[in-house]
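Numbering of the sequence shown is given in UniProt numbering, commencing with residue 1 and proceeding in unit increments. Here the structure is laid out as structure tokens; the discussion comes afterwards.
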Amino acid sequence: MRSGCGTYVMPARDRTAYDVVVVGGGPGGSTAAYQLQQFGHDVLLIDRETFPRDKLCGGLITYKTLRLLDRVFDESESHLVDEGILNFGADEYAAYFNDDLVLRDSIDVPFYFAKRFEYDEFLHDRAVEAGVDTHLGDGVSRIDIEGSTVETTDGETFTADYIVGADGASSRIRSQLADEGLVDTSGWRKNLAIAAEAYVPRDAIDVDIDYPMLHFGVLDWGYGWVFPNTDRLLVGVGGLNAKNDRGFRRILDDYFDLLGFDYDPDTVKGHPIPFGNYLDRPAHGNVLLVGDAAGTVDAITGEGIFYAQRSGELAAWAIDRAESGTTAAVADDYTDMLHEYVHPELHHSKQARLFIWGGPQFPRRLAMKAWFALLSDPSVELVHGIRIYDLLRRRGDVMHETLPGGTPRPT
1 MRSGCGTYVM PARDRTAYDV VVVGGGPGGS TAAYQLQQFG HDVLLIDRET FPRDKLCGGL
61 ITYKTLRLLD RVFDESESHL VDEGILNFGA DEYAAYFNDD LVLRDSIDVP FYFAKRFEYD
121 EFLHDRAVEA GVDTHLGDGV SRIDIEGSTV ETTDGETFTA DYIVGADGAS SRIRSQLADE
181 GLVDTSGWRK NLAIAAEAYV PRDAIDVDID YPMLHFGVLD WGYGWVFPNT DRLLVGVGGL
241 NAKNDRGFRR ILDDYFDLLG FDYDPDTVKG HPIPFGNYLD RPAHGNVLLV GDAAGTVDAI
301 TGEGIFYAQR SGELAAWAID RAESGTTAAV ADDYTDMLHE YVHPELHHSK QARLFIWGGP
361 QFPRRLAMKA WFALLSDPSV ELVHGIRIYD LLRRRGDVMH ETLPGGTPRP T
């Protein structure tokens with residue numbers, strides 16, 4: 001149901017048993033919940049926050065994400081623009097090495113930006129409209145894999161045939177599976193990134209920035225960014241934690257000095273981001289991890305929204321296929337799908353970043369200039385999913401293939 005301010009509030013509910021419990025209402029969790037409900041399964045979505053809630057994220061919405069939104073949610077690009085979900089669109093971008101402009105170029109397919117509190121609420125609301133029950137403002141304390149139950153911090157217990165862990169980079173469900181030796185997270189900390197961001201109101205600066213700016217060289221194994229919204233700029237830095245000793249607050253301060261912007265230190269937010277540490281097998285038994293909980297983030301750009309939603313979609317397909325008898329082991333089926341449709345891109349991005357960040361500063365500057373001089377258009381198409389990392393071939397459709405056994409059924 002809707003409250004007067006236009007957001008959904010949790011309906012009265014006395015049931016505790018569901019086909020699927022999804023933990024985490026971000027893009028991956030809401031996509032999984034929506035798709036499963038469309039497939040005819042009873043779903044409960046749990047999130048420790050209520051909506052709308054803000055979240056650290058650049059909010060880049062690429063063409064491949066737009067294709068997924070159209071395919072899964074039947075949401076067109078034009079409607080998302082009209083509704084303000086796509087807050088800002090840019091038809092050019094600029095790349096720098098420190099303060100040295102490497103490239104400023106126009107693009108045929110625009111980059112869109114969304115405010116995460118609006119984007120996440122939109123996806124959550126679509127899931128609720130589809131019939132998903134919600135339990136908000138209460139996090140998950142643990143799961144019982146054998147008993148197939150989810151226990152919340154407020155003492156609630158829910159049972160489900162399947163559990164989807166979409167609870168982010170600091171996933172409690174992933175940690176529990178790892179502690180019990182059920183998933184391998186041995187490389188997690190080595191490839192963990194930290195991002196720090198702050199908002200700058202447009203009326204607080206003297207320049208009109210209407211395109212995204214990327215600054216390489218301002219930190220190691222990462223980059224700084226300025227992403228435009230209609231009313232503000234999102235300024236941030238992010239990179240591998242193990243490669244940066246200065247501390248990300250100091251790096252962000254230095255980045256603002258480079259830009260010549262003032263900012264309110266109280267607006268700074270920081271958060272861990274998977275950055276090349278995707279789990280080879282993010283599932284065990286009837287428990288599937290999606291999105292940041294599974295490490296599905298591009299190891300160069302840090303883009304996670306598409307991969308969260310794609311892994312959420314695939315988790316829904318795997319569960320539906322298991323329920324329909326198409327497959328026997330849901331964890332195996334889900335893992336196979338990730339190996340086919342998601343992990344190759346994450347693997348190749350992790351390898352390709354050695355070219356960008358693997359050498360000393362001076363060769364790195366030359367490598368960056370060579371990359372953008374030779375591969376500007378293919379690089380943009382790569383971000384959009386029109387090309388894939390494997391030799392930059394035009395095979396972006398591999399990220400959107402659908403599978404047999406997941407036909408939506410009327411409920």
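C-beta atoms are modelled at their ideal positions from N, C-alpha and C, and glycine is treated no differently.
query, result
"State buried or exposed for TYR34, treating a residue as buried only when at least 16 other CB atoms are found within 10 Å of its CB.", "buried"
"Suppose contacts are defined by Cβ-Cβ distances below 8 angstroms. Is LEU101 in contact with ILE173 by that definition?", "no"
"Are TYR334 and ALA293 close, meaning C-beta to C-beta below 8 angstroms?", "no"
"Let's see if you can read the secondary structure: which residues bound the beta strand (DSSP E) around TYR307?", "From DSSP, TYR307 is part of no beta strand (DSSP E) but of the alpha helix (DSSP H) over 305-324."
"Would you say the beta carbon of GLY222 is closer than 7 angstroms to some non-hydrogen atom of the ligand NAD?", "Among the components of this structure there are no ligands whatsoever, and the ligand NAD is therefore not found."
"Could you round the C-beta distance between PRO27 and GLN309 to whole angstroms and report it? I think they count as a contact, below 8 angstroms.", "5 angstroms"
"Decide if THR104 is buried, meaning its Cβ has at least 16 other Cβ atoms within 10 Å, or exposed.", "It is worth fixing the name first, because residue 104 is Arg in this sequence and not Thr. Burial call: exposed."
"Quick check on DSSP: helix, strand or coil for ILE46?", "strand"
"Does the segment 65-80 touch the segment 165-185, meaning 3 or more C-beta pairs lie closer than 8 angstroms?", "no"
"According to the Cβ coordinates, are TYR63 and ILE386 closer than 8 angstroms?", "yes"
"Tell me the start and end of each unbroken beta strand (DSSP E) in the segment 210-294 that is at least 3 residues and wholly inside, in chain order.", "213-216, 222-228, 232-240, 269-274 and 287-289"
"Which whole runs of the beta strand (DSSP E) in the segment 41-118 are 3 residues long or more, in chain order?", "43-47, 88-97 and 100-113"
"Can you give me the start and stop residues for the alpha helix (DSSP H) that SER148 sits inside?", "No alpha helix (DSSP H) holds SER148; DSSP gives it neither H nor E."
"What's the C-alpha gap between THR153 and HIS135?", "12 angstroms"
"Just how far apart, CA to CA, sit GLU146 and GLY276?", "31 angstroms"
"Our contact map puts ALA160 next to VAL20 with C-beta atoms below 8 angstroms; I'd like the distance itself, whole angstroms only.", "6 angstroms"
"Would you identify the three-state DSSP class for PHE39, choosing helix, strand or coil?", "coil"
"Taking only three categories from DSSP, how would you classify LEU192?", "strand"
"Could you give the residue range of the beta strand (DSSP E) that holds LEU136?", "133-136"
"Tell me ALA17's beta-bridge partners as DSSP assigns them.", "THR159"
"Across which residues does DSSP place GLY165 in a beta bridge pair?", "VAL23 and LEU289"
"In whole angstroms, give me the CA-to-CA distance for GLY217 and PRO265.", "23 angstroms"
"Does the segment 121-129 come within contact of the segment 245-265, defined as at least 3 CB pairs closer than 8 angstroms?", "no"
"Pick from TYR211, ASN229, ALA204 and LYS55: whose alpha carbon is nearest that of GLY304?", "LYS55"
"Measuring alpha carbon to alpha carbon, tell me which of PRO344, PHE97, ASN191 and ARG232 ends up nearest ILE356.", "PHE97"
"Could you tell me the alpha carbon to alpha carbon distance between MET10 and SER141, rounded to whole angstroms?", "Residue placement at MET10 cannot be trusted, given a pLDDT of 49 that sits under 50; what the coordinates show is reported in the next sentence. In a straight line, the C-alpha of MET10 is about 20 angstroms away from that of SER141."
"Should LEU314 go down as buried or exposed, given a rule of 16 or more other Cβ atoms within 10 Å for buried?", "buried"
"Counting pairs of beta carbons, one from the segment 204-214 and one from the segment 238-246, are three or more of them closer than 8 angstroms?", "no"
"Is ALA195 closer than 8 angstroms to GLY270 when the C-beta atoms are compared?", "yes"
"Please tell me whether PHE113 and PRO52 are closer than 8 angstroms, where the distance is taken between their beta carbons.", "no"
"Check for me: the alpha helix (DSSP H) holding SER349 runs from which residue to which?", "343-357"
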